[in-house]
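Visitor:
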Amino acid sequence: DVKVTQSSRYLVKRTGEKVFLECVQDMDHENMFWYRQDPGLGLRLIYFSYDVKMKEKGDIPEGYSVSREKKERFSLILESASTNQTSMYLCASSLRRSTGEQYFGPGTRLTVT
Amino acid sequence: AQSVTQLDSQVPVFEEAPVELRCNYSSSVSVYLFWYVQYPNQGLQLLLKYLSGSTLVKGINGFEAEFNKSQTSFHLRKPSVHISDTAEYFCAVSGRTGRRALTFGSGTRLQVQP
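Sequence lines, in order, name chains Z and V. For the first sequence, the positions run 1 to 113 when the numbering used here is used. For the second sequence, the positions run 1001 to 1114 when the numbering used here is used.
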């Protein structure tokens, strides 16, 4: 079974803090994605990566950056957390030549106070 | 660009009744279509997908969906729901070429009542 793990299930941070969300997948997938999930808005793509050291902006990249130093790990960084970044963050991975099917981690619920 | 509209934010239904969750999409390119399910406090799990061929696709847990190209719809159905089907359901699309990220609808919360 594909396994995607996220470093924390729940996280509470203060406004202005730098926040790191880590995601690891164990199936040698080339593609990795970060989404945020908000009620009534579904999932929105923040960033994605097709390969190591490669990244592309998604639909809502403002206020976020990412890092992919190793194939299995994809990190989401909030440079200076703000209250409007309080949300559920979901990581996903897929094969390069997949037909779009993605495998999701359990999510990190981030609260910024 | 693609977009997905899920017409119902919540669908209450009694146990053993049939249910249909509606999904419409728009896209300038050919797409793959998906339904994902999210149980409480969990990540998303693939329910079923349409890639090509037969427009009626069957998924896990007795769910099925029908692709209708002329109406750009991909509605999800189950003939008899169980309490355990209570979850949030997301319709999603991805392009057949280029960016393979998913575009999601806003979700439909299915509430199965005894």
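Backbone N, C-alpha and C define an ideal beta-carbon position, used for all residues, glycine too. Predicted, not measured: the structure shown is a model, and the values here were computed from it.
Is the CB-CB distance between K55/Z and V66/Z below 7 Å?
Guide: As a working mapping, residue 55/Z is identified with position 55 in the first sequence. As a working mapping, residue 66/Z is identified with position 66 in the first sequence. In contact: K55/Z and V66/Z (Cβ atoms closer than 7 Å).
Visitor: Work out the CA separation of S75/Z and R9/Z for me, nearest whole Å.
Guide: Here the question's residue 9/Z lines up with position 9 in the first sequence. Here the question's residue 75/Z lines up with position 75 in the first sequence. The alpha-carbon atoms of R9/Z and S75/Z are separated by roughly 15 Å.
Visitor: Determine which residues of the region 1007-1034 of chain V have a Cβ less than 8 Å from any Cβ of chain Z, and write them out in chain order.
Guide: Going along the region 1007-1034 of chain V in chain order, one finds S1009, Y1032, F1034 with a Cβ nearer than 8 Å to chain Z.
Visitor: Closer than 7 Å, CB to CB, is P61/Z near chain V or not?
Guide: Taking the first sequence and counting its residues from 1, one reaches residue 61/Z at position 61. Judged by the 7 Å Cβ criterion, P61/Z is not in contact with chain V.
Visitor: Identify the continuous beta strand (DSSP E) that holds Q85/Z and give its terminal residues.
Guide: Start at 1 with the first residue of the first sequence, and residue 85/Z comes out as number 85. Neither: Q85/Z is in no beta strand (DSSP E) and is coded neither H nor E.
Visitor: Any beta carbon of chain Z sitting closer than 7 Å to that of A1101/V?
Guide: For the purposes of this step, residue 1101/V is taken as the residue at position 101 of the second sequence. Interface residue, yes.
Visitor: Just list the beta strand (DSSP E) runs in the region 28-60 of chain Z, keeping only unbroken ones of 3 residues or longer that don't cross its boundaries, in chain order.
Guide: DSSP runs (the beta strand (DSSP E)) wholly in the region 28-60 of chain Z: 31-38, 42-49.
Visitor: Mapping DSSP to helix, strand and coil, what is N1041/V?
Guide: By 1-based counting over the second sequence, the position of residue 1041/V is 41. Correct three-state label for N1041/V: coil.
Visitor: Would you kindly check if the distance between the Cβ of G105/Z and the Cβ of V4/Z is under 7 Å?
Guide: Taking the first residue of the first sequence as position 1, residue 4/Z is located at position 4. Taking the first residue of the first sequence as position 1, residue 105/Z is located at position 105. Yes, Cβ-Cβ distance for V4/Z and G105/Z is below 7 Å.
Visitor: For a contact meaning CB atoms closer than 7 Å, what does L1051/V contact in chain Z?
Guide: As a first step, residue 1051/V must be located in the second sequence, where it is residue number 51. Correct list: T99.
Visitor: Quick check: does the Cβ of A1065/V come within less than 6 Å of any heavy atom belonging to the ligand SAH?
Guide: The ligand SAH is absent from the structure shown, which contains no ligands of any kind.
Visitor: Give the DSSP bridge partners of E1066/V, in chain order.
Guide: Numbered from its first residue, the second sequence carries residue 1066/V at position 66. Partner(s): L1056/V, H1075/V.
Visitor: In this structure, how does DSSP classify S93/Z when only helix, strand and coil are distinguished?
Guide: Translated into the one-based positions of the first sequence, residue 93/Z becomes position 93. Three-state result, S93/Z: strand.
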